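Have a look at the structure below before the remarks.
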Amino acid sequence: MMPPQTVQFRELITSHLAGIEHALTTANANAGTVMLDQSSVGRLSRMDAMQQQAMASSQRTALQRRQTQLLAARKRLESGSYGICCQCGSDIAIPRLQADPEVPFCADCQTERE
Ligand SMILES: [Zn+2]
297 MMPPQTVQFR
307 ELITSHLAGI
317 EHALTTANAN
327 AGTVMLDQSS
337 VGRLSRMDAM
347 QQQAMASSQR
357 TALQRRQTQL
367 LAARKRLESG
377 SYGICCQCGS
387 DIAIPRLQAD
397 PEVPFCADCQ
407 TERE
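For the working numbering, add 296 to where a residue sits in the sequence shown, where the first one is 1.
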């Protein structure tokens, strides 16, 4: 029997994924702009351009990591293991999942890992 929150979390995860896809598209577009700026003459110093590129790239990495976590959460939702801590197997608090639907660990295990 699926918990009643399943539908709610599926919608939450889907909407987060859509937001990330949008942000990644924007980040990719920005990275393209930085590269153009770098090849254009003088407007940005090389250091500035490299800094901007590094920022765009770390932003993209963070987005991609979150996307991976969300996709994994959606798989757990489908396999019926969603909301169960991947480390200790206890239930993850619902408010915690509502705030951050991709969390794979309960608060205790998360604290232990940090
Ligand atoms: Zn745990």
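We put the CB at the ideal spot given by N, CA and C, even for glycine.
All of these numbers come straight from a predicted model, not from anything done at the bench.
Can you check which of these residues, the options, is closest to residue i by C-alpha distance?
| i | options | result |
| --- | --- | --- |
| Ala368 | Val303, Leu313 and Gln304 | Leu313 |
| Arg306 | Gln383, Leu320, Gln394 and Arg362 | Gln394 |
| Gln365 | Glu398, Ala358, Met343 and Arg356 | Glu398 |
Would you say residue i and residue j are within 9 Å of each other, going by their C-beta atoms?
| i | j | result |
| --- | --- | --- |
| Gly376 | Ile390 | no |
| Ala345 | Ala323 | no |
| Glu408 | Gln383 | yes |
Cutting at 6 Å between CB atoms, please list the residues of its own chain near residue i, excluding the five before and the five after it.
| i | result |
| --- | --- |
| Cys381 | Ile388, Phe401, Cys402 and Cys405 |
| Val303 | none |
| Gln355 | Ala323 |
Counting contacts by CB-CB distance shorter than 9 Å, is residue i in contact with chain C?
| i | result |
| --- | --- |
| Ser377 | Checking the listed chains, one finds no chain C in this structure; it contains a single protein chain. |
Considering only residues of the same chain and omitting the five flanking positions on each side of residue i, which have a CB-CB separation below 8 Å?
| i | result |
| --- | --- |
| Gln363 | Leu313, Ile316, Glu317 and Leu320 |
| Leu359 | Ile316, Ala319, Leu320 and Ala323 |
| Gln301 | Gly379, Ile390 and Leu393 |
| Leu373 | Thr302, Phe305, Arg306 and Ile309 |
Can you tell me the Cα-Cα spacing of residue i and residue j, whole angstroms?
| i | j | result |
| --- | --- | --- |
| Ile309 | Lys371 | 11 Å |
| Ala325 | Gln349 | 11 Å |
| Met297 | Arg392 | Confidence in Met297 is poor, its pLDDT being 44 and thus under 50, which makes the residue's placement unreliable; the coordinate value appears in the next sentence. Approximately 22 Å between the Cα atoms of the pair. |
| Gln347 | Asp396 | 30 Å |
| Ser341 | Ser311 | 38 Å |
| Thr357 | Met343 | 21 Å |
Residues in its own chain within less than 7 Å of residue i by CB, not counting five upstream and five downstream?
| i | result |
| --- | --- |
| Ser386 | Cys402 |
> Which full runs of the alpha helix (DSSP H) of 4+ residues lie inside the region 305–384, going along the chain?
Replying inline: With a minimum length of 4 residues, the unbroken runs of alpha helix (DSSP H) contained wholly in the region 305–384 fall at 342–375.
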